[in-house]
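Heads up, the thing below is written out as structure tokens.
There are 2 protein chains.
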Amino acid sequence: MAGQRTRRRIPEATVARLPVYLRILSEQFDADVTNISSEGLAEFAGLNAAKVRKDLSYLGSYGTRGVGYDVEFLVYQIRRELGLTHDWPVVIVGAGNLGQALAGYNGFGDRGFPVGGIVDVDDSKVGSVVGGVRVRHFDELAQVVQARNISIGVIATPGSAAQQAADALVAAGVTSLLNFAPCVIGVPHGVSVRKVDLAVELQILSYYEQRRATAAPVAGLRAVPGEPRRGATA
Amino acid sequence: MAGQRTRRRIPEATVARLPVYLRILSEQFDADVTNISSEGLAEFAGLNAAKVRKDLSYLGSYGTRGVGYDVEFLVYQIRRELGLTHDWPVVIVGAGNLGQALAGYNGFGDRGFPVGGIVDVDDSKVGSVVGGVRVRHFDELAQVVQARNISIGVIATPGSAAQQAADALVAAGVTSLLNFAPCVIGVPHGVSVRKVDLAVELQILSYYEQRRATAAPVAGLRAVPGEPRRGATA
DNA sequence: TCAGCTTTGTGAAAACGTGCACGAGCGACC
DNA sequence: GGTCGCTCGTGCACGTTTTCACAAAGCTGA
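Protein chains in written order, with my numbering: chain A, 120 to 353; chain B, 120 to 353.
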């Protein structure tokens, strides 16, 4: 109650952009850039400077007027705000095509989300090793979760098994889910879900493609208002 | 100018939900459900009924008051609006871990987006076959695109090569990009980009996890306002 | 035909997110 | 110390999205 600063509520749209800023700032830091302006950061992120400033202002007043932001300090602050000061091991449910690719994808572990376990219902897959982790049986999910104190689960099952996977993950104590299955899953209040559906993304692109094709059959390629902005994240 | 009905502009938020409705409706159709209410559809999609009705109203007045919507007809209308009346072959740039997984993932082709080609700069990968498609060299990208009249490109390269991949795709005539690389890419006006970044999704989950952990250290698990809604896509 | 029930379609209001414009504060230089 | 130029932080207005509330319209059964 004493130490921690008052918790401001950060808008969801801003939360979704913080990881983008973090990546850019980390790259700049690695390139020995020590200071950056909202204008510069906006350029890298494909946004406008006012939005960047407003987003960063939710973290606190960490910029210096007339100068900009200290890159290293901002990296630290964003990491702290996003809870990235320690690793978050994840458990993957489903060792099929997608599950294997995810387990083998270094981008997870490199960014603080090591694969702490992977499970599948298929006995023929159990025991094999993907991405350096041995596949265990779905029934052992709770053990895996509790042994490593995992709070993030990744659903990489077919749609028909996704709800069952979600239920098992929640029952095991997982409170955040990343769902790759092409279906909506229901979870108790207090559990976060984010969904990534590749087909949906392609269908959205298809809409704008089709619209370009039919809306301006005479004028040829032309700007279409209401286009998705760049950097629209899943 | 004569035949086609006036083109109403559909809000981006609605466009992003139409694929979800489409999937649900297709499943219902396969289960021999012929009619569905906005309430029923909302339940499946994890939304409220008013939003569903407003979304569908952008397509036209296709419901029947007191009854609901004809599932088959609605499927047809959404497919038409999204431009899904024909296949959209895609070309994948990058045959690494992710590119191979995408090529091997049946969910693409099944939903009208067959992999029309996959290219890589690495000679050792050229010639190998993934997901039934032979990997060709990056230099042949334009040929691949033009031979199959491809307008959607998938970027599955490392971040450092993403901009180069995007430039080559655009130069070859591709007008829609799905970017899996962890960076923002710049494209000319008139080209659509959607971005999927797995690490970003996990970092967003991390934020809410961390918030839960620090915001209510006494009361234990509690609802957090401003939680991402379920099914938050892209 | 009419009453009663159901469900759509849609204005209007509320909530949310974005972009502009400008005051405030900081550093640099004289 | 004062002036100048730069950049942050933020109030405000605008556009978009969500939610509410209800009239309109269809079906059922008498």
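Every residue gets a Cβ at the ideal spot worked out from N, C-alpha and C, and that includes glycine.
key: C-beta neighbour in chain B for residue 158 of chain A, strict 9 Å   = Using beta-carbon distances, residue 158 of chain A does not count as an interface residue toward chain B, since no partner is under 9 Å.
ask   = What in chain A is Cβ-close to residue 142 of chain B, meaning under 7 Å?
value = 301
Assigned exposure category for residue 251 of chain B - 16 Cβ within 10 Å defines buried = Flag for residue 251 of chain B reads exposed.
query = Quick one: is residue 329 of chain A near chain B, going by C-beta distance under 9 Å?
reply = yes
key: CB contact flag (residue 227 of chain A, residue 221 of chain B, <9 Å)   = no
Test item: CB-CB of residue 281 of chain B and residue 302 of chain B under 9 Å = yes
request  = Check whether the Cβ atoms of residue 275 of chain A and residue 217 of chain A sit closer than 9 Å, and answer yes or no.
outcome  = By the CB criterion at 9 Å, residue 275 of chain A and residue 217 of chain A fall inside the cutoff.
request  = Spell out whether any CB of chain B is found under 9 Å from the CB atom of residue 225 of chain A.
outcome  = yes
request  = Just the C-alpha distance for residue 338 of chain B and residue 306 of chain A, rounded to the nearest angstrom, thanks.
outcome  = The predicted position of residue 338 of chain B is uncertain, since its pLDDT is 38 and thus under 50; a value taken from the coordinates is nonetheless stated next. Cα-Cα distance, rounded: 20 Å.
inquiry  = Assuming residue 272 of chain B and residue 209 of chain B are in contact, meaning their beta carbons sit under 8 Å apart, how far apart are those beta carbons, in whole angstroms?
reply    = 7 Å
query = With a cut-off of 9 Å, does the C-beta of residue 287 of chain B fall near any C-beta of chain A?
reply = At a cut-off of 9 Å between beta-carbon atoms, residue 287 of chain B makes no contact with chain A.
task = Pull up the distance between the alpha-carbon of residue 277 of chain B and that of residue 257 of chain B, whole angstroms please.
result = 14 Å
request  = Consider the Cβ of residue 193 of chain B: report whether some Cβ of chain A lies at a distance smaller than 9 Å.
outcome  = no
key: Same chain, Cβ closer than 7 Å to residue 163 of chain B, five either side skipped, listed in chain order   = 143
query = Per DSSP, residue 96 of chain B is paired with what?
reply = With chain B running from 120 to 353 in the structure shown, residue 96 of chain B is simply not present.
query = Out of A/232, A/219, A/264, which has the shortest C-alpha to C-alpha gap to residue 248 of chain A?
reply = A/219
message = Tell me the residue span of the alpha helix (DSSP H) that contains residue 310 of chain A.
response = Premise fails: residue 310 of chain A is in no alpha helix (DSSP H) and is neither H nor E.
query = Would you say residue 270 of chain A reaches chain B, if we count a Cβ-Cβ gap shorter than 9 Å as a contact?
reply = Yes, contact with chain B.
key: is_contact[residue 230 of chain B, chain A] using C-beta, thresh 9 Å   = yes
request  = Evaluate residue 239 of chain B with the Cβ neighbour count: other Cβ atoms within 10 Å of its Cβ, from every protein chain shown; 16 or more gives buried, anything less gives exposed.
outcome  = buried
message = With H, G and I counted as helix, E and B as strand and the rest as coil, what does DSSP make of residue 178 of chain B?
response = coil
request  = Kindly list the residues whose CB is nearer than 6 Å to the CB of residue 207 of chain B, restricted to its own chain and excluding five residues on each side of it in sequence; keep chain order.
outcome  = 232, 271
task = Could you tell me which residues DSSP pairs with residue 188 of chain B in its beta bridges?
result = B/155, B/182
request  = Rank B/266, B/315, B/289 by C-alpha distance to the C-alpha of residue 300 of chain B and give the top, closest one.
outcome  = B/315
query = Along chain B, in chain order, which residues have C-beta atoms closer than 8 Å to that of residue 138 of chain A?
reply = 316, 318, 319, 322, 323
task = Within the same chain, show all residues whose beta-carbon is closer than 8 Å to that of residue 347 of chain A, passing over the 5 residues directly before and after it, in chain order.
result = With a pLDDT of 40 at residue 347 of chain A, under the threshold of 50, the predicted position of this residue should be treated as unreliable, though the coordinate-derived value follows. Taken in chain order, the residues that qualify are 323, 327.
task = Can you pull the chain B residues whose beta carbon is under 8 Å from the beta carbon of residue 202 of chain A, in chain order?
result = 325, 326, 328, 329, 330, 332
message = Which same chain residues end up closer than 6 Å to residue 131 of chain B when comparing Cβ atoms and leaving out the 5 residues on each side of it in sequence?
response = none
query = CB residue 157 of chain A to CB residue 185 of chain A, shorter than 9 Å?
reply = Going by C-beta atoms, residue 157 of chain A is not nearer than 9 Å to residue 185 of chain A.
ask   = Going by alpha carbons, who is nearest to residue 111 of chain B out of B/166, B/196, B/167?
value = Within the shown structure, residues of chain B are numbered from 120 to 353, placing residue 111 of chain B beyond reach of any answer.
Other residues of its chain near residue 121 of chain B: CB distance less than 7 Å, five sequence neighbours each side excluded = Because residue 121 of chain B sits at a pLDDT of 35, beneath the cut-off of 50, its placement in the model cannot be relied upon, and the point is left open.
Sheet register partners of residue 304 of chain A (DSSP bridge) = DSSP output for residue 304 of chain A lists no bridge partner at all.
request  = Could you check the C-alpha separation between residue 127 of chain A and residue 177 of chain A for me, to the nearest Å?
outcome  = 7 Å
key: Proximal residues of chain B, C-beta to C-beta of residue 220 of chain A below 7 Å   = 216, 217, 220
task = Answer yes or no: does any C-beta atom of chain A fall closer than 9 Å to that of residue 175 of chain B?
result = no
query = Going by alpha carbons, who is nearest to residue 215 of chain B out of B/192, B/241, B/204, B/230?
reply = B/241
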